[in-house]
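Worksheet: one structure, shown below.
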Amino acid sequence: MPRSNLCSVYLQYIFILSMIADRWMTVTSVRVNEFEDILQHMSSEAIEVYNSDIYVSVGYYTWFEAFDVCALHHRIFAFPLSQKAMRLASFMLDTRLTWVELYKMKWGWIGQHGSRGLHFDWEDPKDADAPEGSCAAMNNKMEFLSRNCTELLNVLCLNPTLHDSHRIGYPDT
1409 MPRSNLCSVY
1419 LQYIFILSMI
1429 ADRWMTVTSV
1439 RVNEFEDILQ
1449 HMSSEAIEVY
1459 NSDIYVSVGY
1469 YTWFEAFDVC
1479 ALHHRIFAFP
1489 LSQKAMRLAS
1499 FMLDTRLTWV
1509 ELYKMKWGWI
1519 GQHGSRGLHF
1529 DWEDPKDADA
1539 PEGSCAAMNN
1549 KMEFLSRNCT
1559 ELLNVLCLNP
1569 TLHDSHRIGY
1579 PDT
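When we follow my numbering, the leftmost residue of the sequence shown carries the number 1409, and every step to the right adds one.
Below is the structure:
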């Protein structure tokens, strides 16, 4: 499939996800509170993170291709909720930039499960107000940068069970 068609498919996917997220935010407060609890848990410092939980691609890919790259390595495209995971990833990056799953919509930056309104440290504060359709990359200082989504960068992927509550309290093996 040509790259332009893939980009179109991914943009449609992002639009559909944003529509679902908008509708999801209107669900009862009980569900919203549960979602906030999940976010709180995912950003907890109590979560154990190991090198094997993080994958940084060797090759360079567009933001749209990043989803497939992570899936091929049995990982998910990294969304910056866990500070501990992002810190470990930043050590692995050296001087490289890597894509993270943040996409700029007209009303703000959106990420996994439609999460929005989270605070991110931008290398240049102007990037927080980047034009719609921009994508975010992370540097080795855990700062985010707005980039053109078709730029070729490394991809940051995380173990999908990283935030699984069952991992908390497991002894080191």
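All residues carry an ideal CB built from backbone N, CA and C; glycine is no exception.
Burial state of residue i, where buried means 16 or more other Cβ atoms lie within 10 Å
i, result
"K1549", "exposed"
"E1540", "exposed"
"V1466", "exposed"
Same chain, Cβ closer than 6 Å to residue i, five either side skipped, listed in chain order
i, result
"M1433", "Any reading at M1433 needs caution, since the residue's pLDDT is 41, under 50, leaving its predicted position unreliable; the model's value is listed next. Hits under 6 Å: none found."
"T1558", "T1470"
"R1555", "C1543 and A1545"
"C1478", "I1484, F1485 and C1565"
"S1498", "N1548 and M1550"
"E1531", "E1551 and L1553"
"F1475", "F1485"
"P1568", "I1484"
"N1562", "V1464, S1465, R1504 and T1506"
"A1536", "W1530"
For residue i, the first and last residue of its enclosing beta strand (DSSP E)
i, result
"F1528", "Counting along the chain, F1528 falls outside any beta strand (DSSP E), and DSSP gives it neither H nor E."
"F1552", "F1552 to R1555"
"K1512", "T1506 to M1513"
"N1567", "Premise fails: N1567 is in no beta strand (DSSP E) and is neither H nor E."
"G1516", "G1516 to I1518"
"A1536", "Note, A1536: premise wrong, no beta strand (DSSP E); not H, not E."
Contact belief for residue i with residue j at Cβ below 8 Å, rounded distance in angstroms
i, j, result
"V1508", "A1538", "V1508 to A1538, Cβ: 14 Å. No contact."
"F1528", "W1517", "7 Å"
"L1510", "G1519", "5 Å"
Sequence-distant residues of the same chain with beta carbon closer than 7 Å to residue i, five excluded per side
i, result
"L1566", "D1461, I1462, R1483, I1484, A1486 and A1493"
"P1533", "none"
"L1560", "Y1468, Y1469 and T1470"
"H1481", "Y1463 and C1565"
Other residues of its chain near residue i: CB distance less than 8 Å, five sequence neighbours each side excluded
i, result
"D1502", "N1548"
Residue i, enclosing alpha helix (DSSP H) - first and last residue
i, result
"W1471", "W1471 to L1480"
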